[in-house]
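Numbering (the numbering used here), first residue to last: 168 to 346. No residue lacks a Cβ here, since even glycine has one placed at the ideal position from N, Cα and C.
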C-alpha cells in the first residue's frame, strides 16, 4: 500500500464452504485469496493490478468480473480441484463495446449488466460464455442492480430497477422459467 493508505478486505462466501477474500491495496488493485474450510489461505489469481469481483460459483467453477486487460470489464473463471488448487483464469465473456456494470451467477447461467448508451441492460449467458438472450426491463432507459447478496442455490433473483418514468422497484426474475 501507499504510505498513509490502508488496505481493506471484502469477504464473499462460496457455496463449497470456502471464503473468497479480496484484499484491496488501493481503490483498484486487488489480491484474491481463498480461505478453505480449514482456514488456509490460497492465492486464486496471481495478478494484482486489476479489480476482481466474485460473481458466484457453479460447482467447482468460480466466476469473477474483472478489468484485467479489459478496461470495460470481462468475466473470467477459475476451476478448483478437490484438493483446493485453482486453475489459471480463463476468459468466459470477453470485453464488450460497453462497460460491464455488474454480473452474477444465476442458477447455471451468468447474468450480466452492461451499460449501453446510458441505460442498463440484462443479458443472460451460458456458463461457457455463449449469449442466450436479453431480458426485457419495464423501461429501456433505466438502471438495474442486484437487490440481494448471494445468488447461488437460489431459484429467483431480485433486481432493483428505476428509470425516469418508473419509480424505484424490486423485480423478481425466476431462473428456471426465465421469466
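Problem - the region 269 to 276 in contact with the region 248 to 257 per 3-pair CB rule at 8 Å - result: The region 269 to 276 makes no contact with the region 248 to 257, as fewer than three CB pairs between them are under 8 Å.
Practice task
Take residue 234 and list the residues in its own chain whose beta-carbon comes closer than 6 Å to its own, dropping the five residues that flank it on each side.
Solution key: For residue 234, where only same-chain residues beyond five positions count, the Cβ hits under 6 Å are 217, 218 and 240.
Exercise for the section: Going by CA-CA distance only, name the one from 309, 189 and 181 that's closest to residue 174. Expected result: Closest by alpha carbon: 189.
Practice task
With a 10 Å radius around its C-beta and 16 neighbouring C-beta atoms as the bar for buried, classify residue 335 as buried or exposed.
Solution key: So residue 335 ends up on the exposed side.
Problem - Cutoff 8 Å; reference residue 177; Cβ partners in own chain excluding five residues on either side - result: Only 188, 189 and 191 meet the Cβ criterion.
Practice task
Tell me where the beta strand (DSSP E) around residue 336 begins and ends.
Solution key: 336 to 341 is the extent of the beta strand (DSSP E) around residue 336.
Problem - Nearest to residue 220 (by Cα), restricted to the options 252, 279 and 226 - result: That would be 279, whose Cα lies nearest to the Cα of residue 220.
Practice task
With DSSP as the reference, label residue 168 as helix, strand or coil.
Solution key: Its pLDDT being 47, under 50, residue 168 is placed unreliably by the model, and nothing is read from it.
Problem - Classification of residue 293 by the beta-carbon crowding that lies within 10 angstroms, buried from 16 upward - result: Looking at its Cβ environment, which holds fewer than 16 other Cβ atoms inside 10 Å, residue 293 is exposed.
Practice task
Return the CA-CA distance between residue 330 and residue 205, expressed in angstroms with no decimal places.
Solution key: For residue 330 and residue 205, the distance between alpha carbons rounds to 46 Å.
Exercise for the section: Could you tell me which residues DSSP pairs with residue 233 in its beta bridges? Expected result: DSSP lists 219 and 241 as partners of residue 233.
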